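So the sequences go chain by chain: A and B.
Reminder that position 203 of the first sequence reads as 1491 in the working numbering, one-by-one numbering, no gaps.
Reminder that position 110 of the second sequence reads as 245 in the working numbering, one-by-one numbering, no gaps.
Report on the following structure.
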Amino acid sequence: MSVHCPRGHLSTTHDWCDECGARIDTTPDAGGAQPASGTPRPATGPTPAGAAASPVTRAPLGWVVGPAVAEPPDEPDLSGGWANDNRTVGAERRRRARTAPRAASPASAGGAGGAGGAGGAGGAGGAASAGNPPGPEVCPLCETVREPGERFCEVDGYDFVARTVPPQWIRPDPPATTVPTSAPPPPPPSSVSTSASTSADVSAPGWLVEIVPDRTYFDRGDDGSSTFPTDTPPRVVALLGSRTLIGRRSRGRGIFPEIDLSLPPEDIGVSRAHALLEHPRGGPFTVTDLGSGNGTWLGDSLRRVERGVAVELTDGARLFVGSWTRLTLRAR
Amino acid sequence: MLVFTSEVNQNKHLPAGGTDMNAVITVTAETGAPAAGQARPAAGPKAAPTAAEVIILDCSGSMGGNKIVEARRAAKAAIDTLRDGVLFGVVQGEHFAKQIYPAGGGLAVASASTREAARLAVGRMQAGGGTAIGEWLLLTRKLMLSSPDAIHHAILLTDGQNGEGEAVLEAALAQCEGVFQCDCRGVGADWEVAQLRKIANRLLGDVALIRKPAEMADDFRAIIEAALSRGIDKVAIRVWAPRGADVVFLRQVFPDVADLTGTAAEVDALTKDFPTGAWGAEKRVYHLCVRVLPGPIDGEKLAARVRLVVDGEPLAEAKVLAAWTDDVELSTQIDGTVAHYTGQVDLADAIQQGLEELKDGDPATAATLLGKAARLATQAGDDTRLRLLEKVVEIDDAATGQVRLRTDVNPLDEMDLDAQSTKTVPAPR
């Protein structure tokens, strides 16, 4: 009798597929897809409920914080499962966002962008999709469904294993390095919603993050505990969905970051769940430090990103984490 | 009845994007009842097949004098070892091949009278003529095919280099492959180890040097006894690998090194059979390297399924897994058994290349390679090859591979080392 393997091949062997070699489980694996229950809870507790009043929250900037942004659609999770607590962080932040003052009119840029359309599809919400197995994996660049077992996207060569973008997708470095979100006083809502940078972000189809070891940053904090990696080419990760975790993979703790800095050269200065990038379609791009050990630093002046507070980033923004890692945000 | 069991040694962890999976598969054939759940007994509805033995004696001119006398004595000893009922024949090799027993073509059935007749025929053999090993093998093949169901084995004794062109020998080997197995023995110092090794490898036999003609008889007796003890013929290793994967190599690494990669016969698109000849109660170890498509981190799949098959029926199965991890500690570990046999193969290569350099005149490279061999042999506790090495080089420091070439090396010692270079030692438990 033949059986079907997880990839759909008909196999005469019942333990491993006789076509592709995938394991064939006759008994359903109940707990496999879910992270371990003992995952840590980073950064949710210490966040004061009144954080919305902080000058670096996004609300004062005049973003349209409609329902679509507050409940972003949960796209299929490719990482094999979020740590539950990251969802908690996200949920709490969304709650805060809802209670934050709504500054702009519903007709402004955010509502007109992709957010409204995406909101209709996002009814499931975070908790529901967390328990479901991930759907077919798609290329974040061209949305082609990944061929089972293939490492690279057959259309554009995206590397599904290393989550690396092929070189032709990478734009040259934009001139702006970072735009501190709180530095300028909050301008009147109407002017912000129509500003050039805002509309550029809204229309941007997606985001890339370039990861490189930064010598200058490393030298500033060098305490001899780690060695600066040389000959490391930049790694570029395409951001998928609406949230991206920066951290170091930990199987035991059920943390599987999309931006995994445990890949060689591992930056051990990065916390397991270090920081969260949120980039809902049509919404702002923000970073939230999840209570990391060594902090998240913004811009070449290394301004600290306060724990549990979402800080908005724009195209070209640089984040520094761990011992040497520089993350540069690129719209594409 | 032979029962086959197999065991896999590997580190299944590969780094992200890693493709090459190495595994050592130990196959043990034992007589007796099958252990629970390990393997099915070798099913044999028909009675155990008879053995067919052909003795090929080099009778070229160079064999004159003492050598032909001892060769005759060895052949007679071999004939005496044959049990009643075993099929046998004797081939005299010159620049052509001549069947000297039985006279009428085909093979004789061993009995008191046929053994006596064969002894007489062997006693009349004279040295003279040239060396045409391909011709000898082709005649042997014809004799073997007259009894297609038997387990076919031959002994080839020679003292010189083949006078035929490479292509002629190659064509003969291609025809004989899979028909019979052949153990090769060289006597004297005029034969070429590499040439006999090639013949032995293709015909699933081994090669050795007979130092003194007087040792021939004992050696022949031992070979015949080993050959007759093999109860199951045409055993193949069947390797399945997933779509998109390649078998980089499959080589036997114990009791001696033999590369099987090129001998594969395709069963289907994903499965190949590698012939291993006849088996008795013995242990053989294989090193398999498969190149698979990389999987996702924390993904695991079957990289190869290795079965022993006789007449398409699997006797024992081993599974080689591949799992991808970003844990460097896991993925950089090398399995001890894989490391041991990799070292054993490196040792064989170092000896053969070192001796090659010695012949072709780069003493410095030869000393480096033989030094490496001495180091590897010491590490593995491989006393046999270490002793043979010591006759060719003086070992100053085995741990670092510091050796000096000896100036007055007996060419027989070099050939002995060369011939024994592929004899490995088992991995420590």
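All C-beta atoms in this analysis are idealised placements derived from N, C-alpha and C, irrespective of residue type, glycine included.
Treat the numbers as computed from the prediction; the structure is a model and nothing was measured.
Practice item. Ignoring anything shorter than 3 residues or poking outside the region 246-324 of chain B, list the beta strand (DSSP E) runs there in chain order. Key: Listed in chain order, they are 286-293, 316-322.
Check your understanding: Whose CA, out of Glu-165(B), Glu-549(B), Thr-559(B), Ile-486(B), lies closest to the CA of Gly-536(B)?
Key -> Ile-486(B)
Review point. In whole angstroms, what is the alpha-carbon distance linking Asp-1313(A) and Gly-434(B)?
Key: 14 angstroms
Check your understanding: Cβ of Trp-1304(A) less than 9 angstroms from any chain B Cβ?
Key -> yes
Practice item. Less than 8 angstroms between the CB atoms is what I'm expecting for Thr-154(B) and Pro-377(B), so what's the real figure, rounded? Key: Pro-377(B) and Thr-154(B) do not touch by the CB rule: their CB atoms are close to 12 angstroms apart, not below 8 angstroms.
Exercise for review: Would you mind sorting Thr-161(B) into buried or exposed? The rule is 16 or more other CB atoms within 10 Å of its CB.
Suggested key: buried
Review point. Among residues of its own chain, excluding the 5 on either side of Ser-1550(A), which ones have a beta-carbon nearer than 6 angstroms to its beta-carbon?
Key: Arg-1536, Arg-1537
Review point. Given a threshold of 16 other Cβ atoms within 10 Å of its Cβ, counted over all protein chains shown, does Thr-1452(A) qualify as buried or as exposed?
Key: buried
Exercise for review: Verify the contact flag: Gln-514(B), CB atom, against every heavy atom of the ligand ADP, threshold strictly below 8 angstroms.
Suggested key: Inclusion of the ligand ADP in the displayed structure is not the case, the ligand content being empty and no account of it being possible.
Check your understanding: What is the DSSP secondary structure of Phe-355(B), counted as helix, strand or coil?
Key -> helix
Review point. Which residues in the same chain as Leu-540(B) place their Cβ atom closer than 6 angstroms to its Cβ, once the five residues preceding and following it in sequence are excluded?
Key: Pro-498, Ala-502, Val-528
Exercise for review: Note down the Cα distance separating Gly-196(B) from Leu-291(B), rounded to an integer number of angstroms.
Suggested key: 17 angstroms
**Study point:** chain A contacts made by the region 352-386 of chain B, where a contact means CB separation under 9 angstroms
**Key:** If the cut-off is 9 angstroms between Cβ atoms, the region 352-386 of chain B has Trp-375, Ala-376, Pro-377, Arg-378, Gly-379, Ala-380 near chain A.
Review point. Out of curiosity, what's the CA-to-CA distance linking Asp-1447(A) and Leu-1533(A)?
Key: 19 angstroms
Check your understanding: Fully enclosed by the region 405-486 of chain B, which alpha helix (DSSP H) runs are 4 residues long or longer?
Key -> 463-466
Exercise for review: Step through the CB atoms of chain A and report whether any lies within less than 9 angstroms of the CB of Ile-203(B).
Suggested key: Ile-203(B) does not count as touching chain A.
**Study point:** Ile-334(B) versus Gly-321(B), Arg-346(B), Ser-364(B), Ala-285(B), residue with shortest Cα-Cα distance
**Key:** The closest CA to that of Ile-334(B), considering only Gly-321(B), Arg-346(B), Ser-364(B), Ala-285(B), is found on Gly-321(B).
Review point. Does Lys-147(B) have its Cβ less than 9 angstroms from a Cβ in chain A?
Key: no
Exercise for review: Please determine, among Ile-190(B), Thr-163(B), Val-328(B), the residue with the shortest C-alpha to C-alpha distance to Cys-317(B).
Suggested key: Nearest C-alpha to Cys-317(B): Ile-190(B).
**Study point:** Under 7 angstroms by beta carbon: chain B residues contacting Ala-1598(A)
**Key:** Chain B residues near Ala-1598(A): none, gap ~29 angstroms exceeds 7 angstroms.
Exercise for review: Examine chain A for any beta-carbon lying closer than 9 angstroms to the beta-carbon of Ala-174(B), and answer yes or no.
Suggested key: Low per-residue confidence applies at Ala-174(B): pLDDT is 42, beneath 50, and the placement is therefore not dependable, though the value from the model is reported in the following sentence. Closer than 9 angstroms: no.
Practice item. Output the distance between the C-alpha atoms of Phe-139(B) and Val-425(B), rounded to the nearest integer angstrom. Key: Rounded to whole angstroms, Phe-139(B) to Val-425(B) spans 23 angstroms at the Cα level.
Point to revise | For Val-342(B) and Lys-494(B), the rounded distance between their alpha carbons | key: Rounded to the nearest angstrom, the two C-alpha atoms are 20 angstroms apart.
**Study point:** Asn-144(B) in three-state terms, based on DSSP
**Key:** strand
Review point. Any C-beta of chain B sitting closer than 9 angstroms to the C-beta of Val-1449(A)?
Key: yes
Review point. With a CB to CB cut of under 8 angstroms and the five nearest residues on each side skipped, what residues in its chain are close to Ala-515(B)?
Key: His-475, Gly-478, Gln-479, Leu-482, Val-560
Review point. On the three-pair Cβ rule with 8 angstroms, is the region 200-208 of chain B touching the region 268-275 of chain B?
Key: no
Exercise for review: Using the Cα positions of Gly-239(B) and Arg-510(B), report the straight-line distance between them to the nearest angstrom.
Suggested key: So the two alpha carbons sit approximately 55 angstroms from each other.
Review point. How long is the line joining the alpha carbons of Arg-564(B) and Thr-472(B), rounded to whole angstroms?
Key: 9 angstroms
Review point. Three-state secondary structure (DSSP) at Tyr-1505(A)?
Key: Three-state DSSP puts Tyr-1505(A) in a helix.
Exercise for review: Output yes if chain A places a C-beta closer than 9 angstroms to the C-beta of Gly-447(B); else output no.
Suggested key: Not closer than 9 angstroms to any Cβ of chain A, the Cβ of Gly-447(B) fails to qualify, so no.
Check your understanding: For Thr-1515(A), which three-state DSSP category applies?
Key -> Thr-1515(A): coil per DSSP, three-state reduction.
Check your understanding: Per DSSP, Lys-233(B) forms a beta bridge with which residues?
Key -> Checking the DSSP bridge columns, you'll see Lys-233(B) partnered with Gln-227(B).
Practice item. Give a yes or no on whether 9 angstroms exceeds the smallest Cβ distance from Val-463(B) to chain A. Key: yes
Review point. DSSP puts Gln-514(B) in a beta bridge; with which residues?
Key: Per DSSP, none; premise fails for Gln-514(B).
Check your understanding: Whose Cβ in chain A lies nearer than 8 angstroms to the Cβ of Gly-321(B)?
Key -> Within 8 angstroms Cβ-Cβ: nothing; Gly-321(B) doesn't reach chain A, min ~45 angstroms.
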